[in-house]
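Note that our numbering has the sequence shown beginning at 1223, numbered continuously upward.
Backbone N, C-alpha and C fix where the C-beta goes; we use that ideal spot for every residue, glycine too.
Since the structure is predicted, the reported quantities are computational estimates derived from the model, not experimental observations.
See below for the structure under consideration.
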Amino acid sequence: MKSEDGLPAYTILRQAMVPFGLEKMGISQAMKEQSVDIALDVQSRTVFFQRARGADLYIISGWRNQHTNVWVGAPHIKSLKDLKGKRVGISDFNSIRHWAIQIQLRKAGLDLEKDIEWVRGMFHPVHVPALRSGKVECIPCKPWDAEKLIKEGCNALVKPADQYPDGRPERIIAATGRILEERPDLVKSFLKGMIRSYWFVRDMPKNFEYIRQLEKRLRYDSADPEERKIKISSAAPVDLEAMPFPIDGRATGFEDMLAEEEKLGELNYDVPPIKDVCAQDLVAEAYKELMERQELKEEYERVAAIAQRWGY
C-alpha cells in the first residue's frame, strides 16, 4: 500500500480511539474526529446500531467470526439455571465473553442484574485455578482446558460454537463509506494484507515463535498495567491455530445473530437490513486474487487444513 511517490499510503493510529465499552455510542464520531478510515476489532452490533443512526460506517470483513470457548461450571453446577445467585467469571464487562454468556443465561431464564454476580479478570491463565478454588463457579475456557476440567468433575454448560454452524460474527472490521467510494483499491490491498495475516497467525507451528515474541513485546509496551502482568495468550501453537480468524476474510452468521438478539429483546432500535450494513465485495475480490497466486498455494493449503479441523 504505497502512494505514487513510493511512501506508505496509510497511517496507523496507535492510541485508543474510544474507551473500552463505549464503542457502540462513540466509535463513528471518534473515527470522524481522528480521520480514521478503517477500524479493526469492532463489535458487529456497534455498526448495526451506528448505521441505524445514519452513520457512514460499514462492515467490510470479519475479525473474530466464531465463539471458541466452552462455558464450564463447577461440579455442583449442572446447568445454566444453577448459576442463579452464583459467581460467573468474565474477562471484562462488554467483552465478547460477557456478551456471549449473557445471551445464554437469558435463554435459561435468568435475570442478569439480579441473579448473577460478575467477576472480571477471569482470563488465561488465572481463570481455571479460579474455578478450581471456588473463587468463581463458571468460566469460559478453551476446549482442551474444558476436557481436563470435565475429567475432574466439572460440567460443560454450553458450547456456543456448536450452536452457530454458520459463524458468530462478534467482531469485525469496519470502514467509512467515504474511503470505500474514494479509494477501493487501497481498501482491497489492506484486506489482502489482513487475510494473509489471518493465515500467518493460524499457520502453526510454523510461525509460533515469531508471534509469541511479538505478543511479549506488545504487552511490555502496553500502557495498561494489567496487560503487562497477564501471561501471554500464545502459550502453545494450539492457542493460535484455534483463533477464529476467517481464512477467506468474510464475516458470516449475521442472520442467526440478529434473530437471536431480537428474540432476547436486545435490539431496541430499527435494525437496518444486513445488505445496508455489510459491504464485503472488496474482501471477496481480495480473497479471490490471493487464491490465484500460485506462490501462496502451499501456505493456504496448510491453513485450510487447520480451519477444516477446527470447523471454522
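Residue state for residue 1516 is assigned as helix, using DSSP reduced to three classes. In the DSSP assignment, residue 1329 falls within the unbroken alpha helix (DSSP H) covering 1318-1329. Relative to residue 1463, the option among 1240, 1414 and 1531 whose CA is nearest is 1531.
Using a C-beta cut-off of 8 Å, the segment 1436-1449 makes no contact with the segment 1392-1401, since fewer than three inter-stretch Cβ pairs fall below that distance.
Under the Cβ criterion (8 Å, minimum of three pairs), the segment 1469-1477 counts as touching the segment 1420-1428. A residue is called buried once 16 or more other Cβ atoms fall within 10 Å of its Cβ, and residue 1234, having fewer, is exposed.
Sixteen is the threshold: since fewer than 16 other Cβ atoms of the shown chains lie within 10 Å of the Cβ of residue 1419, the residue is exposed.
In this structure, the alpha-carbon of residue 1263 lies about 6 Å from that of residue 1285. Under the 8 Å Cβ criterion, the segment 1275-1295 counts as touching the segment 1317-1331, having at least three qualifying pairs.
Comparing C-alpha distances from residue 1304 to each of 1279, 1322 and 1330 shows the shortest one belongs to 1330. At a Cβ-Cβ threshold of 8 Å, residue 1306 and residue 1259 do not count as neighbours. Excluding its 5 nearest sequence neighbours in each direction, residue 1268 has C-beta neighbours in its own chain below 8 Å: 1245, 1246, 1249 and 1396, listed in chain order. Shown here, residue 1378 sits in a strand according to DSSP, grouped into three states. Contact between the segment 1479-1498 and the segment 1512-1525 is absent: fewer than 3 CB-CB pairs across the two stretches fall below 8 Å.
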